[in-house]
Structure formats: C-alpha cells, structure tokens
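Undergrad:
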Amino acid sequence: TRPERVDDWLINEMLRASYDPGSAELLESVFSFNLSIPLNHLLSRMKDKVLLIQGMRDPIANSSSRLAMVREHCDGIVIKEIDAGHCPHDEHPEIVNPIICEWIA
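Under my numbering, the first residue of the sequence shown carries the number 626, and numbering increases by one thereafter.
1) Hey, could you find the ends of the alpha helix (DSSP H) Val721 is sitting in?
2) Taking the alpha helix (DSSP H) that Val695 belongs to, which residues open and close that run?
3) Name, in chain order, the residues that DSSP records as bridge partners for Ile678.
4) Could you spell out the range, first to last residue, of the alpha helix (DSSP H) harbouring Glu638?
5) Note down, in chain order, each residue of its chain lying with its Cβ closer than 7 angstroms to the Cβ of His717, except the 5 sequence neighbours on either side.
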C-alpha cells in the first residue's frame, strides 16, 4: 500500500531470499495452503505468548476472516490491526516497531 517504501535493499533482499534452500517449496505452500493437519487444530494448540500484527488492507489474504478465525481458535493472542497491506513492518515501521517494543517489554 506504500510503494514509495520499496527500495533497492528490499528488492535485493527478496531476490536473495528466493535462492535460499527450500524457498520454492515455501512459496508453493503459501499459495496451495494444503495442510495435512486442519488449521483450527493447529491454532487451538497455540498457548504461548503471540503477537499478531495484521495489515487490514492485505491484498493477498482476507484480513477480516483470518482474524476472525484466530480469535475463534486462539485464546490469549494479542492482535493489532493496522492500516497497511501485506508487509506492515516494511510499510509502517513507525507504527509496527513501537507495538513490538511495548509487547516484549
């Protein structure tokens, strides 16, 4: 949602990561989302402290339905909704960084 935040470093980092071992399988799993264990079963087992920062204008995922599922199956997860797209940490570090700092304090 903020194309002006894209710079050479970010592009090079994404390209570099695409050559990491297993990157093709990881990318495929993101789009096929074929889990051998139902997602609600995995989510219900999450008992540790978890922070979820969700960009509500994510063009890749339906943020509202994703958060509804997390709220239904995961007690105790701290959810922060921000006005951002898929990579809120890149788009709005001035918002995301204080959220993380407060959460780990």
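Glycine is no exception: its CB is placed at the ideal position from the N, C-alpha and C atoms.
TA: With the structure as the only source:
1) Pro718 to Ile729
2) Ser688 to His698
3) Lys705
4) Asp633 to Ala642
5) Ile707 and Ala709
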